[in-house]
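As given, the protein sequences belong to chains C and E, one line each in that order. Mind the numbering: the first sequence is residues 1 to 368 in the working numbering, read in order. Mind the numbering: the second sequence is residues 369 to 737 in the working numbering, read in order. Presented below is the structure to which this report refers.
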Amino acid sequence: MRLEGLVRKEFLQILRDPSSIAIAFLLPVVLLLIFGYGVSLDAKHVPVALVVAQPSADTASFTGAFYHSRYFAPLSLPDMARATEALMQGRVQAIIRLRANFARRLRGPHGAPIQLIVNGVDANSARLIQGYVEGVWIGWLGQRARARGVALRIPVRLDPRVWFNSELRSRNYLVPGLIAVIMTLIGALLTALVMAREWERGTMEALMVTPVAMREVLLGKLIPYLILGMGGMALSVAMAVWLFHVPLRGSLAVLFLCAALFLLAALGMGLLISIIAKNQFVAGQTAIIATFLPAFVLSGFVFDIGSMPQAVQGITYLVAARYFVFILQTVFLAGDLWHIIVPNALALIAIAAIFLGLARHHARKRLE
Amino acid sequence: MWQRIIALVKKEFLTLLKDKQSRLVLIGPPIIQLLVFGYAASFNLNHVPFAVYNEDPGPAARELVADFRGSPNFREVARITRAGQIAPTLDDRRALLVVHIGPRFSRDLQAGRPADLQVLLDGRNSNTALIALNYVRSIVIRFNEHWAAGHGLAAPPAHLAVRAWFNPNLESRWFIVPGIVGLLTLVVTMMVTVMSVAREREQGTFDQLLVTPLRPVEILLGKALPGLLIGLAEATFIIALAVLWFRVPLLGSLATLYTGVSVFLLSAIGVGLMISSLSATQQQGMVGAFLFLVPAIILSGFATPIANMPEIVQKLTLLNPMRYLMIVLRGVFLEETPFSLLFAQLWPMALIGVVSLALAGWLFRHRMY
Chain C
1 MRLEGLVRKE FLQILRDPSS IAIAFLLPVV LLLIFGYGVS LDAKHVPVAL
51 VVAQPSADTA SFTGAFYHSR YFAPLSLPDM ARATEALMQG RVQAIIRLRA
101 NFARRLRGPH GAPIQLIVNG VDANSARLIQ GYVEGVWIGW LGQRARARGV
151 ALRIPVRLDP RVWFNSELRS RNYLVPGLIA VIMTLIGALL TALVMAREWE
201 RGTMEALMVT PVAMREVLLG KLIPYLILGM GGMALSVAMA VWLFHVPLRG
251 SLAVLFLCAA LFLLAALGMG LLISIIAKNQ FVAGQTAIIA TFLPAFVLSG
301 FVFDIGSMPQ AVQGITYLVA ARYFVFILQT VFLAGDLWHI IVPNALALIA
351 IAAIFLGLAR HHARKRLE
Chain E
369 MWQRIIALVK KEFLTLLKDK QSRLVLIGPP IIQLLVFGYA ASFNLNHVPF
419 AVYNEDPGPA ARELVADFRG SPNFREVARI TRAGQIAPTL DDRRALLVVH
469 IGPRFSRDLQ AGRPADLQVL LDGRNSNTAL IALNYVRSIV IRFNEHWAAG
519 HGLAAPPAHL AVRAWFNPNL ESRWFIVPGI VGLLTLVVTM MVTVMSVARE
569 REQGTFDQLL VTPLRPVEIL LGKALPGLLI GLAEATFIIA LAVLWFRVPL
619 LGSLATLYTG VSVFLLSAIG VGLMISSLSA TQQQGMVGAF LFLVPAIILS
669 GFATPIANMP EIVQKLTLLN PMRYLMIVLR GVFLEETPFS LLFAQLWPMA
719 LIGVVSLALA GWLFRHRMY
């Protein structure tokens, strides 16, 4: 009964201050749109400079392969000075250089070198570009051999098969991962400020003189925001499936059950932050630093956890988003694999229990 | 005039620093974050877990498997003896890839027919899969060269000679750490400025401020200066850590770097104050800050290149001051870009700063509750 009153009060506060509604519904939409359309690690139309010292039929057939590749947007430049300048200005990301002796050495015993210079500042893109150039190079070798009627003698031929995401669309793993980041934001932001606000405005003291138990105060904060968060989740999943065409191979029930567990953990963390921080500035700052950034960097959503140093890998076990990202990527792209979902869900339950327990422990009726 | 501004700045610093928790969140978390992210945020893969399914008893297959085992990029986690084991190994993410050598591998190789090497990859994280595939490809290319040389086959008529400028070992960290300088500077400055006006509005003291002899310009300066000072201190600290702790080379001039950071701070403060003066409560300020921060970080090129985004989103990033800062930071740190080449990045930030500050000043007067 008293709980109902608290929940109703919280809902009224949510409805009257549009910022909570914005967090729950506007934030997912904006973020998914920006991420879904904006974030991609698939380089297409990479601008490269082609520097050919002495054009000939051989060099033309090689550079032609770049013009036909959908990965490159080639730019022909007359000399290295010009190409270096373009690289410095960021107009091209790589230079492909064929020296004057290319045609002659092509027929020599050791073969002709094709010089590839990549801008290594963005190491990831540099490596992808190198891979694409290798692809063009091997394709050109094969084509040339066929045209001359000789078999190209490649000892081992690589035959890659990609599972779960055969087109290697980065959107397919970024969007499920992003849902985890958004849920973290919603969960923590929604609750991070609510208790700090009551302290700062002094309404906490008024609440203390009522017969309401602390447990009820906490539940009164938790329930409305859990409902709001699940609404945001539903919206995100709908966008992922219908707008971004991410395949959903598992079941919705599993997805939402895990989302509820994760939200409990995120809300618990937010509550804990807002109980410990006695003003909204500290609460807000902590919420960003303790929730959004780890969910972005340490969850395995963009950066591979297995490649992090051991100590950092240890920290990732404390990040609830890590488990949720794994569950989401699995449920979306692989299906309901119980032996993956169950242990990760248990981890979420444990984290939720810890945060909610700590929040309960620290939330006492006391004055300073 | 300056006396009044200084008084306001002093008051702002007092509100921020008088409380122990507030002091702590300004200093502690950025250090921890830089350390954790500096180590964590990397696209380099080490010890990619792989499994071998070798159906060929020949020496060539053994040699190829040895190449994988010997590479520092790979770590063998399982040996597969029948096809049915492949799926569970990939499903559980025990291995990122399975190297499958068919029974005819050695025979094909000896006979001069192309021998197929099948590689099965977990594509759930497509970027990781692509990088791992590139590692596999370089092992195969090296194996082929070795095999061709050892068996008197002619070398291919052309080969690639690859060099990476500015970052010869393709260290992801060199790319990410300068980005973190911008990221943390933005987050801290943003929070300081967004809360400053919103707090006064919520507590009702902003109306009092408006009836004091302070002119809006003075209020604006008084609210902006603390953010600028804190942002500069934060940036200095993180730059020092990046150079001294992470050993990221700082090749360009400090003057260029600080010009870039200062102009960027101007724009961040402008946006922050604008959001702040639109908010009636601190919660609204926070939400506004988030709605700006998250896209600003994501669309800055911090983790994923802007060039990969669709045309229209690329246009949108032109409004994002972070975008320009990322180019300045990476340019100055790694490419030794001279000031003249960076001018194209500086004036848009300055423009964003001036426009948003002017708007914020106007909103001070015209948005009352």
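All C-beta atoms in this analysis are idealised placements derived from N, C-alpha and C, irrespective of residue type, glycine included.
- For residue 660 of chain E, there are no C-beta contacts with chain C under 9 Å, since the nearest C-beta of that chain is about 11 Å from it.
- Of all residues in the stretch 121-141 of chain C, only 121, 122, 123, 124, 125, 126, 127, 128, 130, 131, 133, 134, 137 and 141 place a beta-carbon less than 7 Å from a beta-carbon of chain E.
- By the 16-neighbour rule on beta-carbons within 10 angstroms, residue 490 of chain E is buried.
- In summary, the residues of the stretch 475-502 of chain E whose CB is separated from some CB of chain C by less than 8 Å are 477, 480, 482, 483, 484, 485, 486, 487, 488, 489, 490, 491, 492, 493, 494, 495, 496, 497, 498, 499, 501 and 502, in the order they occur in the chain.
- Taking 9 Å as the Cβ-Cβ cut-off, the stretch 571-586 of chain E approaches chain C at 571, given in chain order.
- By the Cβ neighbour-count rule, residue 422 of chain E is buried, with 16 or more other Cβ atoms within 10 Å of its own.
- For residue 607 of chain E, the enclosing alpha helix (DSSP H) has its first and last residue at 584-612.
- Under the 8 Å Cβ criterion, the stretch 586-601 of chain E counts as touching the stretch 372-379 of chain E, having at least three qualifying pairs.
- The beta carbons of residue 321 of chain C and residue 175 of chain C sit about 15 Å from each other, so the pair does not count as a contact at 8 Å.
- Distance from the CA of residue 471 of chain E to the CA of residue 530 of chain E, rounded to the nearest whole angstrom, comes to 34 Å.
- At least 8 Å separates the beta-carbon of residue 445 of chain E from that of residue 429 of chain E.
- With respect to residue 279 of chain C, residue 200 of chain C sits close: the two C-beta atoms are nearer than 8 Å.
- Here residue 205 of chain C is exposed. Its C-beta has fewer than 16 other C-beta atoms within 10 Å.
- Within 10 angstroms of the beta-carbon of residue 642 of chain E lie 16 or more other beta-carbons, which makes it buried.
- Rounded to whole angstroms, the Cβ separation of residue 656 of chain E and residue 563 of chain E is 11 Å, and the two are not in contact under 8 Å.
- Proximity of residue 336 of chain C to chain E, defined by a Cβ-Cβ separation below 8 Å, is not satisfied.
- It is roughly 13 Å from the alpha-carbon of residue 496 of chain E to the alpha-carbon of residue 171 of chain C.
- Fully enclosed beta strand (DSSP E) runs of no fewer than 3 residues occupy 442-447 and 465-469 of the stretch 422-489 of chain E, in order along the chain.
- In the three-state DSSP reduction, residue 19 of chain C falls in the helix class (H, G or I).
- Residue state for residue 418 of chain E is assigned as strand, using DSSP reduced to three classes.
- Residue 527 of chain E has C:113 as its beta-bridge partners, per DSSP.
- With a 10 Å radius around the Cβ and a threshold of 16 neighbouring Cβ atoms, residue 370 of chain E comes out exposed.
- In this model, residue 246 of chain C and residue 36 of chain C are separated by some 10 Å (Cα to Cα).
- Listed along the chain, the chain C residues whose CB falls inside 8 Å of the CB of residue 688 of chain E amount to none; the nearest CB is some 11 Å away.
- In the structure shown, residue 105 of chain C falls within a helical segment according to DSSP collapsed to helix, strand and coil.
- Classified as buried, residue 468 of chain E has 16 or more neighbouring CB atoms from the shown chains inside 10 Å of its CB.
- By the 16-neighbour rule on beta-carbons within 10 angstroms, residue 318 of chain C is exposed.
- Neighbours of residue 44 of chain C across chain E, judged by C-beta separation under 9 Å: 675 and 676.
- Contact between the stretch 17-29 of chain C and the stretch 227-238 of chain C is present, with at least three C-beta pairs closer than 8 Å.
- Look at residue 95 of chain C here: in three-state DSSP terms it is strand.
- Around the Cβ of residue 286 of chain C, a 10 Å sphere holds 16 or more other Cβ atoms; the residue is buried.
- In the DSSP assignment, the residues bridged to residue 162 of chain C are E:489.
- If you ignore the 5 residues before and after residue 391 of chain E, its C-beta comes within less than 6 Å of the C-beta of 385, all in its own chain and listed in chain order.
- The beta carbon of residue 425 of chain E sits no closer than 8 Å to any beta carbon of chain C.
- Taken through DSSP and simplified to helix, strand or coil, residue 355 of chain C comes out as helix.
- Against chain C, a Cβ distance below 8 Å from residue 435 of chain E picks out nothing, because the smallest value is about 10 Å.
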